[in-house]
Structures are given as C-alpha cells and as structure tokens.
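Visitor: Attaching a single structure in structure tokens format; questions to follow.
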Amino acid sequence: MALTVDNLTEWINAFAQKVTDKKDYLSELDTPIGDGDHGNNMARGVKAVQESLDAKAPADLTAAFKQIAMALISKVGGASGPLYGTAFLEMAKKSKDSTEIADLFAAADAGIKKRGGAQAGDKTMVDVWEPLAAKLASGSLTQAEIDEAVNSTEEMIAKKGRASYLGERSSGHLDPGAMSSGYLFTALIETEGIL
Amino acid sequence: MALTVDNLTEWINAFAQKVTDKKDYLSELDTPIGDGDHGNNMARGVKAVQESLDAKAPADLTAAFKQIAMALISKVGGASGPLYGTAFLEMAKKSKDSTEIADLFAAADAGIKKRGGAQAGDKTMVDVWEPLAAKLASGSLTQAEIDEAVNSTEEMIAKKGRASYLGERSSGHLDPGAMSSGYLFTALIETEGIL
Amino acid sequence: MTLGITIVSHVPDIAAGLPKLLTQVAADVPLTYAGGTDDGDIGTSMAKISQAFDDNAADEILAFYDLGSAKMNLEMAQEMSDKTIHLYDTALIEGAYTAASLLEAGVPLADVEEQLKPLKIK
Amino acid sequence: MTLGITIVSHVPDIAAGLPKLLTQVAADVPLTYAGGTDDGDIGTSMAKISQAFDDNAADEILAFYDLGSAKMNLEMAQEMSDKTIHLYDTALIEGAYTAASLLEAGVPLADVEEQLKPLKIK
Ligand SMILES: Nc1ncnc2c1ncn2[C@@H]1O[C@H](COP(=O)(O)OP(=O)(O)O)[C@@H](O)[C@H]1O
Ligand SMILES: Nc1ncnc2c1ncn2[C@@H]1O[C@H](COP(=O)(O)OP(=O)(O)O)[C@@H](O)[C@H]1O
Ligand SMILES: [Mg+2]
Ligand SMILES: [Mg+2]
Ligand SMILES: [Mg+2]
Ligand SMILES: [Mg+2]
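Listed in order, the protein sequences are those of chains A, B, C and D.
Just so it is clear: in the first sequence, position 193 is 193 by full-length UniProt numbering, and no numbers are missing.
Just so it is clear: in the second sequence, position 129 is 129 by full-length UniProt numbering, and no numbers are missing.
Just so it is clear: in the third sequence, position 54 is 54 by full-length UniProt numbering, and no numbers are missing.
Just so it is clear: in the fourth sequence, position 66 is 66 by full-length UniProt numbering, and no numbers are missing.
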C-alpha cells in the first residue's frame, strides 16, 4: 500500500478519464444545488494536470503531488480548486516522510477540512474523504463503501459551499464534489498495485 | 409671505447662481466626509432646473415646483437629488391648497425627513431645513439664523449619509448638504417680495 | 405571481456584473439592474431604476442596493411603480445571491425573507 | 506601515467596479483587485489574488471577498504572501466601503476592525 510516481500517474490518469467521461453528469449534479459548473471545473483541472505531467516528468512523488496540486489550483476556478489543490499539496508535504496511502490520505483529508472549514455531515466532499481515508487506514476499501459515502450526502442539508444557501432545500440531491471525490477513490482502488 | 411663479423663479435663479458660484467649495466640503461631488451634483441639478424652466414656462406654482423637482431628481445623481427633489415635490403637492411660505416649507421639511430617515442632529441638510422652516412659520428669517443652522452641523457626528461611515471622525466638518441648503434659504430671504 | 430581482448599484460595472453571478444559480429568475447616473457616472438614477422595474418580466420584485442614496432613488421608483416592490437593507451581493438561489429553488417569498434577515446590515 | 485594500470577486466586472466606488472616498488608499478565473470566467484565481497583493503599494492589506470559494483562494494567496493580509468575512461592498472611508480618514486598524464587526455576515 505504497505510492510511486508510476502508480500515482496511473491513478491520476484513471481519475482524469472518469471526470472527463462524467463531466456533464457532475455539472448536472451541481445545477439544482450550485452553479452547474463542477464537471467543467474538474475537467479543466484534470486536463491541466495531465498536461503538466506530460510536459515535465516529476522527479519524485513529492514533485508529482505538487504539480498535480498546482495544476488544480490554477485551473479549476471553483471551490473544488483550492480544496483538491490543498489535498494534493498536503500529500506532497506528507510524502517527504511517508509514501503510505493511509498517511497520505489522512493528511489530505485534514487539509481539505482546514481549507474549507467543513466537517462530516455538511454535505461536501469531506463526507467522502473522511470515511474513506479512515477505511484506507484500516487497510481496505471497496466500491460499495465508496458508493455509500457518496450517497450519504443525498439526504444531508448543506452547511458549506453554494448549496448551503438553499438550507433544507439542498436535501434530496447528491453533492457534486462528493461524487467527483468518489471517482478519485474508485480510480485508486482500480489502479493495480496501489492497494 | 406668499409665493408666485415669478418670485419662485427669481428665488430659484438666485439659488442656482449661488450653487454655481460655490460649486468647488461645496465639493470641497464633501471631500473629507464624503465623495467630493456635492458641488458638481448640485450645479448639474440647478442647471437642469433652469433649462427646464426656460424650455417650458410653468402654468402655475404647482407645475413650477414639479418641474424643479423632476430636474433635480433626474440630474443630481447623489443623495441630494432625491432629497431636494422630494422637498420640491412636497411643495408642489402642498401648493394646491396653500401658497404660504410657512406651509410649503413645513411640507418640504417633512418630505426630506421621510425620504432620508434623518432627524435633527444627524448632521444632514435636515439640520438646516427643520429649524429654518420653523423660523419661517414664526414669520421671520435672518442670515444670522441661516448661518447658525449651517454651522451647527460642524461639531455633529453624522448618523446618515456617507459621512456616517466615519463615525466620530465626521465631527469638525460642515455638512455639504447643510451648506447648499443654507444657500437656498439665503436666496429666499434675498428675493424681494417673498418674505 | 412571478418573483424577480432588481439590482441597484452606484457603479455601472457592479450593477451589470452581479447578475452574471446570479444567473449561474438562478437561470429562471427574471433579473434586471440599474447602475450609475443617467450620464453613466458613479451614482444612481431614479429613471434607470424605474426602467429596470419595468423591464423585469416578473410582476413582484425583490430589490437590492449598495449605499443609502441608492435606497432613496429606489423608494421613489417604488412609489411610482405599478409592481409590488420589496426593498431589502441587506448586503447587496450576498443578499441578492441568497434570494436568487432560493427563488430558483421555488422557495416562497416569506421563507426567502426569513433567510435574508441575518444579512440585513443597513 | 501603510494599509491597503484588495477586492476579490467571482465576477471581473464587480472586482473592477468596486474600486471606482472606493476611490471616490479614499483617493489615497492603495487599492487592487482580482476578479474571475485565470480565463476571465466567473470564479476566482489564486494567481490573480497573489498578483493583486503584490501590486498593492501597501505592505499590510485588508482583503474582502464575495463568496466562500473566493475565501479559500484568498487564504492560499495569504499563506504565500510576504505581506500581512487581513481577511474579513463582511459584506463585500459595504465592508470595503467602510474600511476605505475610515482608512482615508487615518483611523487606526483596530478601530477600522471594530467598525467592520457589525458587517460580518459570513
Ligand atoms: N467549504 C467547503 N468545504 C468542503 N467542500 C466544499 C466546500 N465548499 C464547496 N465544497 C465542495 O465543492 C463542490 C463544488 O465545487 P465547484 O462546483 O467546482 O465549485 P463552486 O461551488 O465554486 O462552483 C461542492 O459540491 C462541495 O463538495
Ligand atoms: N439620509 C439622509 N437624510 C438627509 N440628508 C442626507 C441623507 N443622506 C445624505 N444627505 C445629505 O446629502 C448630502 C450629500 O449629497 P451628495 O454629495 O450630493 O450625495 P452623495 O452623498 O450621494 O454623493 C449630505 O451632505 C447630507 O446633507
Ligand atoms: Mg459549482
Ligand atoms: Mg463555480
Ligand atoms: Mg457626495
Ligand atoms: Mg456621490
């Protein structure tokens, strides 16, 4: 359960593929409870990530995480930019003393919470990152668990982000950032040799 | 102490002349406690008033007041536009049953207060209109009384308008709208046959 | 009874820019705006505000403004309008954004007004 | 220690427009802004915010923003800046206007912050 530049790149490419394939769906999820751009934001972001990794092969894991973070921070444009960006920046920092998935995701999860101020139950990507980072720490992660985390946001009332303006009306809709985060975890478990 | 189209026109022209002459001074007063445009606003307004009266001789006092109000409302641009505009609109309404200066100014003063929500002591033009309308009701008005009303605003702390953002720092400056209102009253007592 | 929003700002760019933020979350809410004086300078214009009320496809309008003098022109335009105009002393951008989000979701006016209360700062 | 203001908005027009309101009452306060994404779309950009901090002639900056995601980019830019950046969760327009008026009048930062408190709505 350790990360290398190679399997990180494979994982991120798989994530990019899913985001690109599901671009319209992610933006659709963002329409009733947001501004309808999450798919476009993320697609722009992962494209920039791939271009960055293509343009300059990272020397090590830390450099790879940093390139990914910088591409997301500068290209996403919406709230998910600094949030995903912070997640990868924290992994970059952590990767200096550990390449363990569990350690890296714990750092990323903490970074997202610090950056956005959301906690579990606020109907954000934290509702995927927090439980799934914990699963990774306990040694396994399944697609069913990913689906459960993503789906748990449906009935929640948003406390952070644009959906929070809707109060109770935000209930009954999946959170788009939770969905895209779900793809990140699915891509992770689908990448051979990581878990 | 009754108004006619003729002496109203004479009064307003005298007011316009003073505002035009003192344009820079009024804007200067508006600089430390406002946005520095009161002279320009009022000069633009009185020019429009004169153009309106020149273009179409008002049929009666009510029509004259209305033309003055409309020119000020549409051309001043700042807070003083709706305030002076409302003063003259209220005089237009009142002029249907009275041409007495005291009645007209009482109506104008009430209109300004309703429009802006300011009361005496808030460091606005109300600190000139309220006491001087009362003087007119009691039958006389002197330049010394006008000066006193205008100068009373100097030490006040603004509660309304842009100056109110400065809190205590607004003290120590004359209110520009009080000053321009002072010109209106001076023009009134200087116009032969009104008082 | 359809509900719309009218934005009034001293600055033409702000008045024109805010609807761009609002349409993102409220594509179906009628939005109009009035910015600057008749001459396009910094200030407000009763005539422009009246026009923005008229041009709004809704017959009941929630109006938001930046500074106090805008409110005075808004009230004059309100008195002259045939439409029902609600004026809110909330933060301009944040109040309008909240109202737009909720109207788009079909939230009734009374509930929208409840959500606007904590944003009242004028 | 000079004090300046930086405006961050999701909308380029709002970011560019608000300083026009502020310079009227604060001609001497250094003002910079960052609006929209790197591509000029609705959103915010950490790089543009960093640039606005750098371009500001002041070495201590009061920063104001519209929506929450702007705050996240602001905080990232804040962490990267050598300047002292104060971030306020106030109404954007009204908070920035209040701060600009007071800074122009030479009011010390602590007193400015006191005046900003009632405008905190985020
Ligand atoms: N404060 C926050 N903390 C954690 N996640 C957040 C926060 N604000 C927004 N999000 C996440 O970001 C997603 C929206 O991203 P996106 O649509 O790209 O940004 P924007 O809302 O700026 O348009 C939400 O679905 C949510 O998961
Ligand atoms: N709410 C109010 N009630 C009464 N008078 C006011 C009010 N607000 C502003 N004023 C008056 O208007 C004057 C400023 O006018 P002006 O500079 O033309 O408008 P602005 O402040 O919009 O630039 C102030 O000096 C004050 O006398
Ligand atoms: Mg979005
Ligand atoms: Mg967005
Ligand atoms: Mg002024
Ligand atoms: Mg002005």
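Yeah, the Cβ is synthetic: ideal placement off N, Cα and C, and Gly gets one too.
1. Does the beta carbon of D35(B) fall short of 7 Å from some heavy atom of ligand 8?
2. Rounded to the nearest angstrom, how far is the Cβ of L31(D) from that of P19(D), given a contact under 8 Å?
3. Along the chain, where does the alpha helix (DSSP H) containing V25(C) start, and where does it finish?
4. Applying the 10 Å Cβ sphere with the 16-neighbour rule, what's the burial state of G193(B)?
5. With a CB to CB cut of under 8 Å and the five nearest residues on each side skipped, what residues in its chain are close to S170(B)?
6. If contact means a Cβ-Cβ distance below 8 Å, which residues of the region 101-118 of chain A contact chain E?
7. Would M125(A) pass as a contact of L104(A) if the rule is Cβ separation under 8 Å?
8. With a 10 Å radius around its C-beta and 16 neighbouring C-beta atoms as the bar for buried, classify M76(C) as buried or exposed.
9. Taking the continuous beta strand (DSSP E) assigned at V8(D), which residues delimit it?
10. According to DSSP, simplified to helix, strand and coil, what is L62(C)?
11. If the criterion is Cβ atoms closer than 8 Å, does the pair L74(D) and A57(D) meet it?
12. Give every residue of the same chain whose Cβ lies closer than 6 Å to the Cβ of V76(B), excluding the five residues on either side of it in the sequence, and list them in chain order.
13. Any chance the region 81-97 of chain D sits against the region 79-99 of chain C, with 3 or more Cβ pairs inside 8 Å?
14. Apart from the five residues just before and just after S45(D), which ones in its own chain have a Cβ nearer than 6 Å to its Cβ?
15. Less than 8 Å between the beta carbons of M72(D) and R115(A), yes or no?
16. I want to see whether chain A comes within less than 8 Å of A63(D), judged by CB atoms only; does it?
17. Do we get a CB-CB distance below 8 Å when we pair Y183(A) with the residues of chain C?
18. Using 7 Å as the cut-off, classify the Cβ of H173(B) as near or not near the heavy atoms of ligand 5, replying yes or no.
19. Tell me whether G43(C), by its Cβ, gets closer than 7 Å to a heavy atom of ligand 6.
20. Given the structure, does D30(A) come close to ligand 3, in the sense that its CB is under 7 Å from one of the ligand's heavy atoms?
21. How big is the Cα-Cα spacing for S98(B) and D55(C)?
22. Please go through the region 67-145 of chain A and give each complete alpha helix (DSSP H) segment of 4 or more residues, from N-terminal end onward.
23. How would you list, in chain order, the residues of chain B whose beta-carbon sits under 7 Å from the beta-carbon of V37(C)?
24. Leaving aside the five residues before and after K18(A) along the sequence, list all residues of the same chain whose C-beta is less than 8 Å from its C-beta, in chain order.
25. Starting from the C-beta of L24(A), find all residues in its chain whose C-beta is less than 7 Å away, skip the five residues before and the five after it, and write them out in chain order.
26. Is P108(C) near ligand 1, going by C-beta to nearest heavy atom under 7 Å?
27. Compare the C-beta of D55(D) with all C-beta atoms of chain A and state if any pair is closer than 8 Å.
28. What residue does the beta strand (DSSP E) around H86(D) start on, and which one ends it?
29. In the DSSP output, what is A2(A) paired with across the bridge?
30. Using a cut-off of 8 Å between C-beta atoms, extract the partners of Q24(C) located in chain A.
31. Verify the CB distance criterion: does S95(B) have a CB-CB separation below 8 Å to chain C?
32. Rounded to whole angstroms, what's the CA-CA distance from A48(A) to D35(A)? Just pull it up for me.
33. Are any of the Cβ atoms in chain C nearer than 8 Å to that of R44(A)?
34. Which residues does DSSP pair with T32(D) in a beta bridge?
35. Would you report the Cα separation of L87(C) and A149(B), rounded to the nearest angstrom?
36. Give the DSSP-derived three-state secondary structure of K18(A) in the structure shown.
Guide: Taking the coordinates as given:
1. Ligands present in the displayed structure are limited to ligand 1, ligand 2, ligand 3, ligand 4, ligand 5 and ligand 6, and ligand 8 is not among them.
2. In the fourth sequence, residue 31(D) corresponds to position 31, counting from 1. In the fourth sequence, residue 19(D) corresponds to position 19, counting from 1. With a Cβ gap of about 5 Å, L31(D) and P19(D) count as contacting.
3. Position 25 of the third sequence, counted from the first residue, corresponds to residue 25(C). First-last of the alpha helix (DSSP H) with V25(C): 12-25.
4. In the second sequence, residue 193(B) corresponds to position 193, counting from 1. By the 10 Å Cβ count, G193(B) comes out exposed.
5. Reading the second sequence from its first residue, position 170 is the one you call residue 170(B). Within the same chain, I33, K123, M156, I157, A158, A163, S164 come within 8 Å of S170(B) by CB-CB distance, once the 5 residues on both sides are set aside.
6. The displayed structure is made up of protein chains A, B, C and D, and chain E is not among them.
7. Locating residue 125(A) in the first sequence gives position 125, counting from the first residue. Locating residue 104(A) in the first sequence gives position 104, counting from the first residue. For M125(A) and L104(A), no; Cβs fall outside 8 Å.
8. On the third sequence, position 76 is the one that residue 76(C) refers to. It counts as buried.
9. Numbered from 1 along the fourth sequence, position 8 holds the residue referred to as residue 8(D). Counting along the chain, the unbroken beta strand (DSSP E) around V8(D) starts and ends at 3-9.
10. For the purposes of this step, residue 62(C) is identified with residue 62 of the third sequence, where counting begins at 1. Strand.
11. Within the fourth sequence, numbered from 1, the residue matching residue 74(D) stands at position 74. Within the fourth sequence, numbered from 1, the residue matching residue 57(D) stands at position 57. No, the pair does not count as a contact, with Cβ atoms beyond the cut-off.
12. Taking the first residue of the second sequence as position 1, residue 76(B) is located at position 76. If we look at V76(B) and ignore the five residues flanking it on each side, its Cβ neighbours are N41, G45.
13. Yes, since at least three Cβ pairs between the region 81-97 of chain D and the region 79-99 of chain C fall closer than 8 Å, the two stretches touch.
14. As a first step, residue 45(D) is located in the fourth sequence; it is residue number 45 there, counting from the start. So the list reads T37, D38, once near-sequence residues are dropped.
15. Indexing the fourth sequence from 1 puts residue 72(D) at position 72. Indexing the first sequence from 1 puts residue 115(A) at position 115. Yes.
16. The count along the fourth sequence starts at 1 and reaches residue 63(D) at position 63. So, not an interface residue.
17. Sequence index remark: in the first sequence, residue 183(A) carries index 183 (1-based). No, no contact with chain C.
18. In the second sequence, the residue the question calls residue 173(B) occupies position 173. Answer for H173(B): no, Cβ out of range of ligand 5.
19. Within the third sequence, the letter at position 43 stands for residue 43(C). Yes, since a heavy atom of ligand 6 falls inside the 7 Å radius drawn around the Cβ of G43(C).
20. For the purposes of this step, residue 30(A) is taken as residue 30 along the first sequence, with counting starting at 1. Yes, ligand 3 has a heavy atom inside 7 Å of this Cβ.
21. Mapped onto the second sequence, residue 98(B) falls at position 98. Mapped onto the third sequence, residue 55(C) falls at position 55. Those two C-alpha atoms are separated by around 39 Å.
22. 80-94, 101-116, 126-138
23. Here the question's residue 37(C) lines up with position 37 in the third sequence. Checking the sequence, you will find Thr at residue 37(C) rather than Val. Near T37(C) (Cβ distances below 7 Å), the residues of chain B are G77.
24. Within the first sequence, residue 18(A) is the residue found at index 18, counting from 1. Excluding positions up to five away in sequence, the list reads Y183, T186, A187.
25. Start at 1 with the first residue of the first sequence, and residue 24(A) comes out as number 24. Looking at the sequence itself, residue 24(A) is Asp, so the reference to Leu does not match. Around D24(A): G39.
26. Residue numbering aside, residue 108(C) sits at position 108 when the third sequence is read from its first letter. Outside the cutoff, so no.
27. Within the fourth sequence, the letter at position 55 stands for residue 55(D). By this cut-off, D55(D) is not an interface position.
28. Here the question's residue 86(D) lines up with position 86 in the fourth sequence. That run of the beta strand (DSSP E) goes 84-88.
29. On the first sequence, position 2 is the one that residue 2(A) refers to. DSSP output for A2(A) lists E100(A) as bridge partner(s).
30. Start at 1 with the first residue of the third sequence, and residue 24(C) comes out as number 24. Under the 8 Å cutoff, chain A gives D35, G36, D37.
31. Residue mapping note: residue 95(B) aligns to position 95 of the second sequence, counting from 1. False, the Cβ-Cβ gap to chain C never drops below 8 Å.
32. Here residue 48(A) is taken as the residue at index 48 of the first sequence, counted from 1. Here residue 35(A) is taken as the residue at index 35 of the first sequence, counted from 1. Their Cα atoms are separated by approximately 22 Å.
33. The count along the first sequence starts at 1 and reaches residue 44(A) at position 44. So, not an interface residue.
34. Taking the first residue of the fourth sequence as 1, we reach residue 32(D) at position 32. DSSP lists T6(D) as the beta-bridge partner residues of T32(D).
35. Position 87 of the third sequence, counted from the start, is the residue given in the question as residue 87(C). Position 149 of the second sequence, counted from the start, is the residue given in the question as residue 149(B). About 33 Å.
36. Start at 1 with the first residue of the first sequence, and residue 18(A) comes out as number 18. Note: K18(A) maps to helix in three-state DSSP.
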